[in-house]
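There are 2 protein chains.
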Amino acid sequence: MFEDRVVKEILERYRTIWSISHALSLMSWDNETYMPRGGVEERSTARAELSVLARKLLLDKSFVELVEKALHREGLNDYERGVVRVLHRQIRIQKSIPERLVFELVKTAGEASHVWREARKKNDFQMFKPYLEKIVKLRREYAEHLGYDDHPYDALLDLYEEDMRVRDVDAIFGKLVPETRKILEKVVSGELFPDKHELESMEYDREAMDRVNREVVTLLGYPWDRGRLDVSPHPFTITIGMKDVRITTRYEGRDFRRTLFATIHEFGHALYNLQIDERLKMTPLASGASLGVHESQSRFWENIVGRSLSFAEILKPILDKHLDFIKRYDAQELYRYFNIVRPDLIRVEADEITYNLHIYLRYELEKQMIAGELAVDDLPEQWNDMMEKLLGIKPKNYSEGVLQDIHWSGGSIGYFPTYTIGNVVAAQIRNHAENTLGDLEKIILEKKFDELREHLKETIHKWGSTYKPKELIQKQLGEPINPEYLIKYLKSKYLKES
Amino acid sequence: MFEDRVVKEILERYRTIWSISHALSLMSWDNETYMPRGGVEERSTARAELSVLARKLLLDKSFVELVEKALHREGLNDYERGVVRVLHRQIRIQKSIPERLVFELVKTAGEASHVWREARKKNDFQMFKPYLEKIVKLRREYAEHLGYDDHPYDALLDLYEEDMRVRDVDAIFGKLVPETRKILEKVVSGELFPDKHELESMEYDREAMDRVNREVVTLLGYPWDRGRLDVSPHPFTITIGMKDVRITTRYEGRDFRRTLFATIHEFGHALYNLQIDERLKMTPLASGASLGVHESQSRFWENIVGRSLSFAEILKPILDKHLDFIKRYDAQELYRYFNIVRPDLIRVEADEITYNLHIYLRYELEKQMIAGELAVDDLPEQWNDMMEKLLGIKPKNYSEGVLQDIHWSGGSIGYFPTYTIGNVVAAQIRNHAENTLGDLEKIILEKKFDELREHLKETIHKWGSTYKPKELIQKQLGEPINPEYLIKYLKSKYLKES
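Following this line, the structure appears as structure tokens:
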């Protein structure tokens with residue numbers, strides 16, 4: 371796999387950087403799960419120090435020279451070229467941002483996250499405003515340092531989704547938004563899917579639900595000798611090593627589909643990293659191709675598998691075993707509960723149809739802010755207007771409007787589109803899987819998840835980040851990213867159109 | 371506290387090394403508690419890489435020069451001198467051992483640990499012999515590289531117990547061993563303390579016992595916002611940061627005093643690191659003075675507090691609450707159960723009286739092996755003969771004799787004496803505490819653990835490793851290390867002599 375002398379030397383030296391990131395991942399996991407409160411301050415220092423150290427090792431003159439030397443080497447195989455591409459990209463990004471700017475963003479985001487939490491609680495946008503202004507300003511500076519052809523937002527988007535541009539995302543939403551709105555109108559006026567369900571208010575026993583979650587991800591094939599399921603305030607997946615990929619969930623105490631689908635979602639993320647070719651371990655290729663492609667995996671399992679009728683069928687006996695109140699609901703009724711369609715003000719509550727409208731709104735607004743076309747002052751009004759146009763509902767306060775998401779306060783601008791890319795690619799993968807394996811409902815009903823896992827492994831997972839996301843999709847799915855499959859999937863599921 | 375310009379620069383740079391050791395500590399904790407099995411290989415690589423990186427940063431030319439510069443600076447205060455002393459010592463040790471030798475010992479110990487486990491199971495000394503021979507040889511090389519005046523064992527002992535020498539340890543055992551044997555003979559032939567107890571075979575519910583352990587360390591003052599109690603195959607304490615010191619215990623399912631006293635033991639270790647002066651955080655002084663002084667703290671809480679009659683009194687209601695079978699035993703009976711005296715072949719089963727005889731045996735044998743006076747071939751026979759002489763019992767097989775401890779297989783030679791140093795210093799601290807605070811039994815009965823914690827903090831804890839262990843003991847307890855207090859304590863407790 372890795373034969374080239376220079377690449378081998380690069381990988382040897384990279385192992386130290388990998389080890390630091392291994393430690394940083396474990397520290398993140400611990401922060402969110404088991405660390406006693408008192409540990410915060412020392413942990414923050416250690417994380418900052420180790421991040422700086424990793425950056426130093428990456429930008430070390432002799433290491434950079436090695437990577438540049440490899441860049442012009444002939445006869446490298448795909449994996450070797452992948453290593454050089456990923457590292458060269460990391461070096462380019464790290465080098466182009468002055469340390470001062472990195473520091474200022476980290477510092478501002480640290481403060482902003484606290485202020486945002488407070489502001490959301492108090493429904494006070496004015497409180498958060500100066501921080502968001504600063505973040506937009508700093509991120510705009512990032513864009514200038516990184517460079518771009520068409521739109522400053524391109525530079526930021528590229529950080530999360532290599533080579534993805536505003537024109538690509540515009541094209542996706544250009545098709546997706548009008549079609550989605552049409553589907554939504556029909557579903558809302560129809561009878562097939564409810565807009566609420568009595569199971570939403572049903573309380574569950576936390577330990578019983580933990581057993582359900584464990585049984586479900588075991589059924590899907592989560593390998594417990596290479597993972598764990600713990601509890602954290604926000605569910606996440608973390609790759610500590612290729613054979614140690616942990617997931618978390620949370621228990622709200624009611625509306626059990628929330629924790630169930632959060633757990634399946636994280637399983638999807640975890641499976642990706644668990645199925646990367648083992649020979650890529652401890653290399654720069656031992657992670658997903660991009661955030662969007664990663665999200666396609668979590669969404670595939672959460673929505674396409676998890677919210678299918680067949681899945682409700684096979685879930686029913688598991689739920690019966692652990693949750694008393696479930697007995698009087700059949701699989702069809704569970705399916706309806708899992709697929710409530712309801713325009714909601716809150717993104718994380720959104721169903722499969724409305725979700726991308728929430729993303730579109732955020733994408734448009736952050737794009738305009740970065741371009742200097744929208745002042746932070748005018749943001750709440752714009753938010754509310756767009757929400758009304760897209761979903762027909764209007765926030766009554768900032769907390770359920772512009773202040774609902776953590777992303778901007780954490781300094782992330784350009785991240786949101788990766789959610790929709792994930793949804794779009796998940797539907798493409800569904801189409802590709804059905805062409806290869808046959809009817810997905812049948813596979814799910816027969817619990818042939820090993821076949822499904824194997825298919826995803828061969829198609830997407832095993833490559834890690836050997837290829838750019840666009841290349842991977844073209845090469846493995848046979849065409850570029852294409853929202854038609856998502857539209858088709860939504861029509862077939864929600865309108866019974868084929 | 372730290373005013374000197376050069377020392378401040380040293381501490382600034384040291385923070386990166388501290389951060390690596392913070393990460394390594396978390397990794398150790400995770401390894402023993404929550405890591406999925408599959409993570410072993412990548413974790414080992416990451417640990418090795420980060421250890422090498424920390425060594426590199428410590429031995430970095432400009433860092434070493436800085437420390438050497440500080441060594442000759444005038445007017446440093448005690449803390450500043452402590453920083454320079456500890457770092458200079460670390461640099462000296464790391465520099466004097468060739469990397470090849472470090473690597474060979476780590477490799478040999480890694481293999482030997484596996485083989486030892488197997489050999490102990492199979493009662494096969496021949497299987498382990500070549501590994502132990504190799505370890506003795508490598509440790510002898512260590513001694514030559516480190517240098518010594520009188521005895522090669524001095525160099526190894528110094529690694530665990532700064533400035534401690536064979537002549538010091540010989541002097542301690544010279545007094546302790548004959549006195550201990552006399553006490554033992556009297557106790558065994560007397561009626562006050564039993565040589566077995568029916569509670570030893572009593573099974574407990576693991577979750578109930580977990581509640582007992584938590585309640586007990588809460589009573590002693592373990593701060594849950596700066597620590598955790600988890601389960602691991604071998605109980606340990608790990609300092610991740612000054613405000614994050616975690617302990618573990620284990621549950622065998624019967625003989626509840628085992629898990630109870632293991633937990634109290636680890637609490638004692640943890641309290642030491644939790645009570646170091648906060649201003650020493652992230653510096654080389656943020657740890658105990660030595661292994662021996664550390665053990666004095668765990669032994670103080672486990673034995674002097676935990677195995678006292680007063681403690682049995684205050685423990686009784688806690689045990690009553692959680693363990694059904696305890697109701698018919700009064701505090702006096704619990705006290706007898708906690709203080710069974712019985713010559714036993716296994717060190718970790720030993721009581722307060724016989725424990726140091728086990729250590730003496732190991733100390734003598736490893737000292738002779740390092741000096742080349744005892745061949746590994748002759749070790750089992752020597753072991754058995756000494757065991758018979760000291761305790762009057764003889765192992766019937768290797769597993770309950772020479773193969774019982776993990777230490778040698780892990781490459782540790784010179785470690786054992788720190789256990790006895792701990793016991794000796796604990797008794798000195800007991801004497802010092804009584805002179806300051808009054809009768810300890812009364813303090814315990816009145817649950818004035820805050821007073822006791824405060825006393826230990828002022829006397830020992832807060833200084834971290836500012837002073838050498840010998841200096842700390844002299845300065846804070848008013849005299850050098852002295853086994854008379856341990857002898858007096860044992861006589862007063864077990865023979866009712868005052």
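Residue numbers (the numbering used here), protein chains in the order written: chain H, 371 to 868; chain E, 371 to 868.
Built from N, CA and C at the ideal position, the CB exists for glycine as well.
As the structure is a computational prediction, the values presented were derived from the model and not from experiment.
Taking a C-beta distance under 8 angstroms as the contact criterion, LYS477 (chain E) and GLY409 (chain H) do not qualify as a contact pair. The Cβ of PRO713 (chain E) sits no closer than 8 angstroms to any Cβ of chain H. Within 10 angstroms of the beta-carbon of VAL746 (chain H) lie 16 or more other beta-carbons, which makes it buried. For secondary structure counted as the beta strand (DSSP E) over 3 or more consecutive residues, the segment 686-715 of chain E holds no complete run. Counting along the chain, ASP614 (chain H) sits inside the beta strand (DSSP E) bounded by residues 614-619.
Contact fails between the segment 595-602 of chain H and the segment 832-841 of chain H, because fewer than three Cβ pairs, one in each stretch, are under 8 angstroms apart. Within the same chain, no residue comes within 8 angstroms of GLU435 (chain H) by CB-CB distance, once the 5 residues on both sides are set aside. Collapsing the DSSP output to three states places ASP600 (chain H) in a strand. Closest by C-alpha distance to GLU444 (chain H), out of H:ARG375, H:ARG407, H:SER432, is H:ARG375.
The beta-bridge partner set that DSSP reports for GLU573 (chain E) consists of E:ARG624. The beta carbon of HIS392 (chain E) falls within 8 angstroms of a beta carbon belonging to chain H, placing the residue at that interface. The three-state reading of DSSP puts GLY771 (chain H) in coil, since its state is none of H, G, I, E or B. When secondary structure is reduced to three states using DSSP, ILE646 (chain E) falls in the coil class, being assigned neither helix nor strand. By the CB criterion at 8 angstroms, THR619 (chain E) and THR609 (chain E) fall outside the cutoff.
Ranking E:ASN583, E:TYR592, E:LEU590, E:PRO593 by CA distance to the CA of TYR621 (chain E) puts E:ASN583 first. Among the CB atoms of chain H, one or more fall inside 8 angstroms of the CB of ALA416 (chain E). In terms of beta-carbon proximity, GLU683 (chain H) stays away from the interface with chain E, with every pair separated by 8 angstroms or more.
For ILE608 (chain E), the enclosing beta strand (DSSP E) has its first and last residue at 607-611. C-alpha of THR806 (chain E) to C-alpha of GLU841 (chain E): approximately 20 angstroms in a straight line.
Going by DSSP, ASN401 (chain H) is part of the alpha helix (DSSP H) stretching over 375-403.
Collapsing the DSSP output to three states places LYS764 (chain H) in coil. Judged by their CB atoms, PRO750 (chain H) and GLY781 (chain H) are not nearer to each other than the 8 angstroms cut-off. Between the alpha carbons of TRP399 (chain E) and LYS759 (chain E) lies a gap of roughly 40 angstroms.
Here PRO522 (chain H) is buried. Its C-beta has 16 or more other C-beta atoms within 10 Å.
A direct Cα-Cα distance of roughly 6 angstroms separates SER680 (chain E) from ILE814 (chain E). In terms of Cα proximity to ALA416 (chain H), the closest of E:PRO406, E:VAL794, E:GLU469, E:MET652 is E:MET652. Burial is judged here by how many other beta carbons sit within 10 angstroms of a residue's own beta carbon; ARG698 (chain E) has fewer than 16 and is exposed. In terms of Cβ geometry, VAL547 (chain E) and TYR768 (chain E) do not form a close pair [threshold 8 angstroms].
Neighbourhood of THR386 (chain E) in chain H, by CB distance below 7 angstroms: GLU419, LEU423, in chain order. Here the segment 563-576 of chain H makes contact with the segment 706-721 of chain H; the two share three or more CB pairs at distances below 8 angstroms. In terms of Cα proximity to ASP533 (chain H), the closest of H:SER571, H:TYR592, H:VAL456 is H:VAL456. Under the three-state reduction of DSSP output, ALA796 (chain E) falls in the helix class.
Within the same chain, SER868 come within 6 angstroms of SER862 (chain H) by CB-CB distance, once the 5 residues on both sides are set aside.
Taking 9 angstroms as the upper bound on Cβ-Cβ separation, chain E lies near residues TRP399, ASP400, THR403, TYR404, MET405, PRO406, ARG407, GLY408, GLY409, VAL410, GLU411, GLU412, ARG413, THR415 of the segment 399-415 of chain H. Annotated three-state conformation of PRO548 (chain E) is helix, per DSSP. In summary, GLU555 (chain H) is exposed, with fewer than 16 beta-carbon neighbours lying within 10 Å of its beta-carbon over all protein chains present.
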